[in-house]
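Chain order of the listed sequences is A and B.
Numbered by our numbering, the letters in the first sequence go through residues 1 to 58 in order.
Numbered by our numbering, the letters in the second sequence go through residues 1001 to 1395 in order.
To start, the structure under review is shown below, and the notes come after it.
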Amino acid sequence: MDRYECNGCSYVYDESKGDIHNGYPAGTRFSALPADWCCPDCAVREKPDFLKLAEAAA
Amino acid sequence: MTTQTLATGTPAAWKDGKRGLWMMGVLWPALPLISAALALSTGMGLFWWLTPVVIYGVLPLLDRLVGEDRVNAPESAVAALENDRYYRMATFLFIPVQYICLIGGAWLAVSGGLPALDILGLAVSVGLVSGAGINTAHELGHKRENLERWLARITLAPAMYGHFYVEHNRGHHVRVATPEDPASSRLGESFYAFWPRSVWGSLTSAWHLEKVRLERQGKSVWNWRNDNLQSWAMTLVLFGALALWLGPIVLPFLIFQGFIGFSLLEVVNYLEHYGLVRQKEASGRYERCKPEHSWNSNHTVTNLMLYHLQRHSDHHANPMRRYQALRHFEQAPQLPSGYAGMIVVAMIPPLWRSLMDKRVLAHYQGDVTRANIHPPVREKILAKYGAMQPQTVEA
Ligand SMILES: [Zn+2]
């Protein structure tokens, strides 16, 4: 499970948590989000703007 | 002055010159209460119209007299500025003032024994405060914190515009300055053509956004988790409680002031992106929203009343930034006056066109084809500004 960060507002999409409020259950892969998906917090940055975060400590 | 970021001194040394003045945002919504006190104590009916006179007349004059403020906080001071809870207080305190105006106004309208013309003045005044509430809700609704997001919806209820909470963040911000956005006005489009397009378009978009979100969760749109239904229910409860207390006769007053309130929001929407458009990239996506896609104003007085809403370019580039930290950008297009003056201009379409169309054109270095043109008058505008090439580059 990876984490991806918005390069504008620093929102983090965590695959292990998903985004339940917006209908993406825990475990939803970042790659499985729709192509026109955008940052749920700032709505300015889009899917290609997200940066994969380095492995979090266990 | 060309102060962009004067990064002199330590962050601790930087002081926000406007800090105390932000309380104006709490004081001016009390205008209907002040006008009622003046009207009732002097018996002069004209005082019921004080609030619209101040907003449409006095504020534009003050903007002219006091002028502009282009100061930006140094980046090193922003974190402390954003965490200073005083600024949050200045938005929270708006809400009790707003509700006292609405409830007191409704009571006076029903039980005050006032002539119809005075009630009209009162309803317009209360409506303008409800409209200002949408601005407060706008500041609150962009934040991550639950308290602020809930307060945003409470603040929207009097203007009957709960769906703004859904549509603004997830609709308008995504499609801003594109032909698809109902809340971005187009070159050649009058406010009276924009109003129904934006009111209806925002409503249907908000409904659609929640429908899609809930369907992804496997739920129906007719579910109490629908943010639109929740927000509209707040209006129903509020108006219903007032009708139980004062009788159903209060409902026309409430609905009319709500209409004035959301119309104030729509006229502000009208000025914020007039004629501006994001170009499409080769990939088919729109370019990211940049400072050049919003109209700005640095007029000090109206900025203090609107929580820096007029530093609109920075807001669209960084919607999570708190109002006290929003920046002026040199490259952002500037309105000739603050929003208060410009909403009066917007209500007089020939005046608006004569002031603004040339600014849109200058912004695009005379190339009108790069503007967001209102389709019904497209040919006329292309002919007028000497861009007659018949659909050559347009795809
Ligand atoms: Zn973001």
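C-beta: ideal position from N, C-alpha, C; glycine also.
Kindly identify the DSSP beta-bridge partner or partners of residue i.
i: residue 1402 of chain B; result: Outside the shown range of chain B, which is 1001 to 1395, sits residue 1402 of chain B, and nothing can be said about it.
i: residue 38 of chain A; result: A/46
i: residue 20 of chain A; result: The partner list for residue 20 of chain A (beta bridge, DSSP) is empty, contrary to what the question assumes.
i: residue 1018 of chain B; result: According to DSSP, residue 1018 of chain B bridges with nothing at all.
i: residue 4 of chain A; result: A/13 and A/52
i: residue 1379 of chain B; result: Paired residue(s): none; residue 1379 of chain B is not in a bridge.
i: residue 1068 of chain B; result: B/1299
Looking only at its own chain, which residues have a Cβ that is under 6 Å from the Cβ of residue i, when we skip the five neighbours before and after it?
i: residue 1167 of chain B; result: 1202, 1205 and 1206
i: residue 48 of chain A; result: none
i: residue 1005 of chain B; result: Caution is warranted here: a pLDDT of 45 is assigned to residue 1005 of chain B, below 50, making its placement in the model unreliable, and the coordinate value is therefore given only provisionally. Only 1072 and 1074 meet the Cβ criterion.
i: residue 1170 of chain B; result: 1209
i: residue 1098 of chain B; result: 1029, 1129 and 1133
i: residue 1250 of chain B; result: 1106, 1110, 1242 and 1243
i: residue 21 of chain A; result: none
Which of the three DSSP states, helix, strand or coil, is assigned to residue i?
i: residue 1249 of chain B; result: coil
i: residue 1056 of chain B; result: helix
i: residue 1373 of chain B; result: strand
i: residue 1286 of chain B; result: strand
i: residue 13 of chain A; result: strand
i: residue 1384 of chain B; result: helix
i: residue 1353 of chain B; result: helix
i: residue 1180 of chain B; result: coil
i: residue 1161 of chain B; result: coil
i: residue 51 of chain A; result: strand
i: residue 1167 of chain B; result: helix
i: residue 1393 of chain B; result: Low per-residue confidence applies at residue 1393 of chain B: pLDDT is 46, beneath 50, and the placement is therefore not dependable, though the value from the model is reported in the following sentence. Correct three-state label for residue 1393 of chain B: coil.
i: residue 1145 of chain B; result: coil
i: residue 1219 of chain B; result: coil
i: residue 1281 of chain B; result: coil
i: residue 1189 of chain B; result: coil
i: residue 26 of chain A; result: coil
i: residue 1329 of chain B; result: coil
i: residue 1006 of chain B; result: Low confidence applies here, because residue 1006 of chain B scores a pLDDT of 45, under 50, leaving its location unreliable and the question unanswered by this model.
i: residue 1365 of chain B; result: coil
i: residue 1224 of chain B; result: coil
i: residue 1023 of chain B; result: helix
i: residue 1404 of chain B; result: Lying outside 1001 to 1395, the shown extent of chain B, residue 1404 of chain B is not represented and no answer is given.
Using only alpha-carbon positions, find the residue among the options that is nearest to residue i.
i: residue 1213 of chain B; options: A/27, A/30 and A/34; result: A/34
i: residue 1297 of chain B; options: B/1385, B/1339 and B/1122; result: B/1339
i: residue 1021 of chain B; options: B/1351, B/1106, B/1303 and B/1188; result: B/1303
i: residue 11 of chain A; options: B/1200, B/1289 and B/1318; result: B/1318
i: residue 16 of chain A; options: A/26, A/36, A/8 and A/7; result: A/26
i: residue 966 of chain B; options: A/51, A/53, A/44 and A/55; result: As shown, chain B starts at 1001 and ends at 1395. That puts residue 966 of chain B outside it, with no answer to give.
i: residue 1228 of chain B; options: B/1242, B/1211, B/1237 and B/1239; result: B/1211
i: residue 1264 of chain B; options: B/1284, B/1075, B/1127 and B/1027; result: B/1127
i: residue 1248 of chain B; options: B/1078, B/1085, B/1110 and B/1043; result: B/1110
i: residue 1160 of chain B; options: B/1235, B/1018, B/1149 and B/1225; result: B/1235
i: residue 1372 of chain B; options: B/1017, B/1187 and B/1239; result: B/1187
i: residue 1014 of chain B; options: B/1218, B/1077, B/1191 and B/1068; result: B/1077
i: residue 1086 of chain B; options: B/1384, B/1106, B/1324 and B/1179; result: B/1324
i: residue 1314 of chain B; options: B/1327, B/1266, B/1366 and B/1163; result: B/1327
i: residue 1239 of chain B; options: B/1255, B/1043, B/1226 and B/1230; result: B/1255
i: residue 1121 of chain B; options: B/1044, B/1143 and B/1178; result: B/1044
i: residue 993 of chain B; options: B/1357, B/1312 and B/1301; result: With chain B covering only 1001 through 1395, there is no way to say anything about residue 993 of chain B.
i: residue 1104 of chain B; options: B/1253, B/1116, B/1230 and B/1018; result: B/1253
i: residue 1260 of chain B; options: B/1195, B/1286 and B/1282; result: B/1195
i: residue 1145 of chain B; options: B/1322, B/1223 and B/1233; result: B/1322
i: residue 1243 of chain B; options: B/1275, B/1162 and B/1106; result: B/1106
i: residue 1016 of chain B; options: B/1140, B/1232 and B/1069; result: B/1069
i: residue 1330 of chain B; options: B/1316, B/1348 and B/1311; result: B/1311
i: residue 36 of chain A; options: B/1172, B/1285 and B/1355; result: B/1285
i: residue 1349 of chain B; options: B/1116, B/1092 and B/1190; result: B/1190
Below 8 Å on the Cβ atoms is my contact criterion, and I expect residue i with residue j to pass it. Report the Cβ-Cβ distance as a whole number of Å.
i: residue 1273 of chain B; j: residue 1337 of chain B; result: Contact doesn't hold; Cβ gap of about 17 Å is too wide.
i: residue 1035 of chain B; j: residue 1050 of chain B; result: 4 Å
i: residue 39 of chain A; j: residue 9 of chain A; result: 6 Å
i: residue 1101 of chain B; j: residue 1032 of chain B; result: 5 Å
i: residue 1258 of chain B; j: residue 1130 of chain B; result: 6 Å
i: residue 1305 of chain B; j: residue 1025 of chain B; result: 6 Å
i: residue 1164 of chain B; j: residue 1156 of chain B; result: 6 Å
i: residue 1083 of chain B; j: residue 1309 of chain B; result: Actually they are not in contact, since the Cβ atoms of residue 1083 of chain B and residue 1309 of chain B sit about 21 Å apart, beyond 8 Å.
i: residue 1149 of chain B; j: residue 23 of chain A; result: In fact, because the Cβ distance is near 18 Å, the residues do not count as touching under 8 Å.
i: residue 1023 of chain B; j: residue 1090 of chain B; result: 6 Å
Starting from the C-beta of residue i, find all residues in its chain whose C-beta is less than 7 Å away, skip the five residues before and the five after it, and write them out in chain order.
i: residue 1268 of chain B; result: 1339 and 1343
i: residue 1377 of chain B; result: 1188
i: residue 1055 of chain B; result: 1128 and 1340
i: residue 1047 of chain B; result: 1035, 1038 and 1039
Excluding the 5 residues preceding and the 5 following residue i in the sequence, name in chain order all residues of the same chain whose CB lies nearer than 8 Å to its CB.
i: residue 50 of chain A; result: 4, 5, 6, 7, 13, 30 and 39
i: residue 1370 of chain B; result: 1277, 1279 and 1364
i: residue 1271 of chain B; result: 1185, 1295, 1335, 1339, 1342, 1343 and 1346
i: residue 1092 of chain B; result: 1151
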